[in-house]
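The structure appears right after this line, and notes come after that.
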Amino acid sequence: MRPLCTRLIDTDECSCPSTMYIDFNAMRHNLEKFQNVLSSTTKIMMMVKASAYGAGIEQISQWAENTGKIDYLGVVYAVEGVKLRKAGVTLPVMVINIYGIDIDFETCRMYNLEPVIYSISLLKQLVHWLKENDQGTFPNLHIKMNTGMNRLGLEFEELPELLAILSDCFCCSLTVKSIYSHAAASDDPQEDRYTNEQANLFISSASAMEQGLGYPLLKHICNSMGTLRHPQFHFDMVRIGGGLYGAATCFLPYLAPLLTAISLTSTITQVRRVKKGSTIGYNRRGLVNRDSLIGIISIGYADGLKRHLGNGHGHVWIHNCRVPFIGSICMDYAMIDLTDVSVENEHELQNESVEIFGHHINIEEVAKQCDTIVFEFISTIGQRVRRVYINENQSTNLTSPGDPVV
1 MRPLCTRLID
11 TDECSCPSTM
21 YIDFNAMRHN
31 LEKFQNVLSS
41 TTKIMMMVKA
51 SAYGAGIEQI
61 SQWAENTGKI
71 DYLGVVYAVE
81 GVKLRKAGVT
91 LPVMVINIYG
101 IDIDFETCRM
111 YNLEPVIYSI
121 SLLKQLVHWL
131 KENDQGTFPN
141 LHIKMNTGMN
151 RLGLEFEELP
161 ELLAILSDCF
171 CCSLTVKSIY
181 SHAAASDDPQ
191 EDRYTNEQAN
201 LFISSASAME
211 QGLGYPLLKH
221 ICNSMGTLRH
231 PQFHFDMVRI
241 GGGLYGAATC
251 FLPYLAPLLT
261 AISLTSTITQ
271 VRRVKKGSTI
281 GYNRRGLVNR
291 DSLIGIISIG
301 YADGLKRHLG
311 NGHGHVWIHN
321 CRVPFIGSIC
331 MDYAMIDLTD
341 VSVENEHELQ
351 NESVEIFGHH
361 INIEEVAKQC
371 DTIVFEFIST
381 IGQRVRRVYI
391 NENQSTNLTS
401 PGDPVV
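So this is what it looks like as structure tokens:
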């Protein structure tokens, strides 16, 4: 088994006051929970787009391959797939969005990445490139159908033209591996009728494609929530991404208990006493109504800490206590009110770790305070934040996770 990378940043010796912890023990537990709702023949594609939701695409994908339970990886751009190949990942990789330019086609061929065809024009561009470059072989293709999401995808009425192009003698070496679509609201019970309509259109599309090609295709339409709420639409494969991090409570009615696999901490750089009536931070937004102890932590909006959390809208966890942000979140720093933290000597707090989200402060709570969703929040955690991975050979209490360990 290939050893996992231990850092997203190469310079391990550098100062990294803020850390995202990713617990592979918890992720495996969550993966097994998803597996329990699937048949033994249903494959799993793990979505690792956007640097695996901010957790680190190389390390997460290496872990996924090492589990032996993941059949495919999904990325959005070819450059993401290149990172996986350079990290030694050999699983099949589906690339959702290639632009139809020569460099994308060449990259897919060179690194054995399997592109999604989502329009007639894109397929024509690929065929033209193959002819111009005398390329008779090419990685597998995947066909994306628009069944109601109205994002990328082919319309049902375009399938005859698509099949005509694929049946051209020059294209006989092109193999379609799967056909898929995306349910727009599979998480919403009030939209189940629409989800059913999408699935029925997808079934018709898949049937037409298989009949036209003369061979079976992998069929998939379910994301994480679709997998849980619509087992009748599992088909041959499901696509699971954010659900493996156990961060969103929407999964809990179906898979409880999921474990928190991701947490974010920072470090108190300095503490200072301020008098009642003092103001904190830019534009004097933070006003203290008592003599207070203020801590400065080394994380800011450049690192993905949203400005919505400033001035008491958000909290951090330290010494078994929730303490509020005070003043505006700065680019590189944030200030917290430590006045109610019980310590014998306030200087003990300097260099102490604080939890921004994790086992004590739920990431979904933080996301709601920022008027966003969990996956937007974690996928925008910046590259100055060190990633540390808790490997599966380390001891972790899966039923009651404590503070993260390195």
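The sequence shown runs 1 to 406 under the UniProt record's numbering. Backbone N, C-alpha and C fix where the C-beta goes; we use that ideal spot for every residue, glycine too. Predicted model only: the values in this text are computed from it and were never measured.
Span separating the alpha-carbon of residue i from that of residue j
i: M27; j: E158; result: 40 angstroms
i: L162; j: Y118; result: 10 angstroms
i: I96; j: V75; result: 6 angstroms
i: A183; j: Y99; result: 23 angstroms
i: E114; j: P139; result: 5 angstroms
i: C171; j: I120; result: 14 angstroms
i: Y72; j: V93; result: 6 angstroms
i: I179; j: D236; result: 10 angstroms
i: L38; j: S181; result: 19 angstroms
i: G81; j: Q270; result: 41 angstroms
i: V405; j: F357; result: With a pLDDT of 32 at V405, under the threshold of 50, the modelled position of this residue cannot be trusted; read the value that follows with caution. Approximately 15 angstroms between the Cα atoms of the pair.
i: T67; j: Q35; result: 12 angstroms
i: V274; j: N311; result: 16 angstroms
i: V316; j: D337; result: 10 angstroms
i: G246; j: I60; result: 15 angstroms
i: M20; j: C222; result: 28 angstroms
i: L201; j: P231; result: 17 angstroms
i: L349; j: I318; result: 9 angstroms
i: A87; j: D371; result: 36 angstroms
i: L174; j: L152; result: 21 angstroms
i: S278; j: E365; result: 29 angstroms
i: H359; j: V323; result: 15 angstroms
i: N150; j: C108; result: 26 angstroms
i: D168; j: P160; result: 13 angstroms
i: D192; j: E65; result: 33 angstroms
Sheet register partners of residue i (DSSP bridge)
i: W317; result: R322 and E355
i: R387; result: M20
i: I179; result: I143 and K219
i: I294; result: R272 and D337
i: residue 427; result: Since the displayed the chain opens at 1 and closes at 406, residue 427 lies outside it and no answer follows.
i: T265; result: T19 and E355
i: G74; result: M47 and M94
i: R239; result: M45
i: I280; result: G286
i: L154; result: M145
Whole-angstrom C-beta distance between residue j and residue i, which should lie under 8 angstroms
i: D102; j: A78; result: Not confirmed; about 12 angstroms, so no contact.
i: S18; j: T265; result: 7 angstroms
i: I361; j: E355; result: 6 angstroms
i: G241; j: A248; result: Contact flag wrong, Cβ pair sits at about 11 angstroms.
i: N345; j: I268; result: About 14 angstroms separates the two Cβ atoms, so there is no contact after all.
i: C321; j: V343; result: Actually they do not touch by this definition, with Cβ atoms about 10 angstroms apart.
i: L244; j: L31; result: 6 angstroms
i: V176; j: L123; result: Going by Cβ atoms, the distance from V176 to L123 rounds to 10 angstroms, so no, they are not a contact pair.
i: A199; j: F156; result: No, A199 and F156 are not in contact; Cβ-Cβ is about 13 angstroms, not under 8 angstroms.
i: T339; j: R290; result: 7 angstroms
i: K83; j: E58; result: 6 angstroms
i: Q62; j: V89; result: 6 angstroms
i: L166; j: L213; result: 7 angstroms
Other residues of its chain near residue i: CB distance less than 6 angstroms, five sequence neighbours each side excluded
i: R85; result: Y111
i: I22; result: A55, I262 and Y389
i: T227; result: V238
i: L154; result: M145
i: V116; result: I96, H142 and K144
i: K131; result: none
i: F377; result: A367
i: T42; result: H234
Same chain, Cβ closer than 7 angstroms to residue i, neighbours up to 5 away in sequence not counted
i: Q369; result: H308, L309, H313 and G314
i: C250; result: D187 and M225
i: I373; result: A367
i: K276; result: V288, N289, R290 and D291
i: T195; result: A183, A185, S186 and H230
i: W129; result: D102 and F105
i: F375; result: Y53 and G242
Cβ shell of residue i (< 8 angstroms), same chain only, five flanking positions each side left out
i: M335; result: I280, G281, G286, I294, G295, I296, I297, F325, I326 and G327
i: I9; result: For I9, the predicted structure reports a pLDDT of 42, less than 50, and the residue's modelled location is therefore unreliable. A value from the coordinates is still provided. Cβ neighbours of I9 beyond the five flanking positions: C16, Q383, R386 and R387.
i: C330; result: G281, Y282, G300 and Y301
i: H347; result: V271
i: K33; result: L255 and L258
i: Y333; result: T269, I296, I297, S298, I299 and G300
Next on the checklist: Under 8 angstroms: do the region 40-50 and the region 254-267 share three or more Cβ pairs, one atom per stretch?
Outcome noted: no
Checklist entry - Would you say the region 194-211 touches the region 142-160, given that touching needs at least three Cβ pairs under 8 angstroms? => result The answer is yes - the region 142-160 touches the region 194-211, with three or more Cβ pairs under 8 angstroms.
Next on the checklist: I want to know whether the region 288-305 touches the region 376-386 - three or more CB-CB distances under 8 angstroms.
Outcome noted: With the cut-off at 8 angstroms, the region 288-305 and the region 376-386 touch.
Checklist entry - Below 8 angstroms, can you find three or more Cβ-Cβ pairs linking the region 182-190 to the region 126-142? => result no
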